[in-house]
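Undergrad: Structure below; questions to follow.
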Amino acid sequence: MKYKLEYKYKIKNIDPVALTSNNFLSAEDAIIAGEELEKTGKVLDLEFHDEMGSTWTLKELKKLSEEIEEEPHDVLVYFDGGHDINNNRAGIGAVIYYKQGKKKFRLRANEVIDEMETNNEAEYAALYFALDLLEELGVTKLPCDIKGDSQVVLKQLEGEWPCYEENLNRWLDRIEEKIKKLGLFPRYEAISRKDNKESDKLATQALEGKSIHSKMQVI
């Protein structure tokens, strides 16, 4: 989660000036900035606004930061789906990077799903699979970066492109319901297949009969 600072700065002989930071800062940097500002003795009404619209005092942010530190946070999701047109099967893969405590982890998983009609449906299934993994990790009420190489899926989720296929609309509804249930603030980004090679490989391995579900600490 990232935060913007908003406060009033006391200036001699004129009314306090309202100021807001230009950029969102990490919780650690926002707390440091807030403490430095308070040391001046010239700051009034210091508040921190997060990406999801909530407002915190410095004391509240410090407590929140301590609590979040022990939960999965700074979540980055990659997903991909591959369709086997001969058997109407899909291989789906997801890679999730996240922090917990002072450590960073990577979760890799894949799965095979029968009765998939198109590659777009496989991509939707892969994203839903990734959200299930987030739920298992206990990721809730956080911003979440979601990246995939299916521009169709991501643009339809953002509402920029219409979706006319009934089966894909069902996946859209399921994904939106899951995101709402988890209280996530998704930030979608379409990337190249080259940049999505980890989850692409997992989807391919699923179709080859190689089941993977592993978590490891990364540097």
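For the sequence shown, the UniProt record's numbering begins at 1 and goes up steadily by one. Note that beta-carbon positions come from the ideal geometry of N, C-alpha and C, so glycine has one too.
#1: Bridge partners for Trp56 per DSSP, in chain order?
#2: Out of curiosity, what's the CA-to-CA distance linking Tyr98 and Phe105?
#3: Between the region 184-204 and the region 132-142, can you find at least three pairs of beta-carbon atoms closer than 8 Å?
#4: Can Tyr124 and Lys178 be called in contact, C-beta distance under 8 Å?
#5: Please go through the same chain and pick out, in chain order, the residues whose beta-carbon is closer than 8 Å to the beta-carbon of Asp200, but skip the five residues on each side of it.
#6: Whole angstroms are fine: how far does the CA of Asp84 sit from the CA of Trp56?
#7: Flag this pair as yes or no: are the beta carbons of Lys2 and Phe24 separated by less than 8 Å?
#8: Since Val153 is in the alpha helix (DSSP H), which residue starts that stretch and which ends it?
#9: By the 10 Å Cβ neighbour count, where 16 or more other Cβ atoms means buried, how is Leu19 classified, buried or exposed?
#10: Starting from Ser214, follow its DSSP beta bridges and name the residues at the other end.
#11: Output needed for Asn120: all residues of its chain with C-beta closer than 8 Å, excluding positions within five of it in sequence on either side, in chain order.
#12: Determine the extent of the beta strand (DSSP E) in which Tyr128 is found, giving its start and end residues.
#13: Near Asp74, what residues of its chain come up, given a Cβ to Cβ distance below 7 Å and the 5 sequence neighbours on each side ignored?
TA: By the coordinates alone:
#1: Phe48
#2: 5 Å
#3: yes
#4: no
#5: Asp80, Gly82, Gly93, Asp149 and Arg193
#6: 49 Å
#7: yes
#8: Gln151 to Leu157
#9: exposed
#10: Arg108
#11: Ser150, Val152, Val153, Glu165 and Leu168
#12: It is not in any beta strand (DSSP E) - Tyr128 instead sits in the alpha helix (DSSP H) that spans Asn119 to Leu137.
#13: Tyr98 and Lys99
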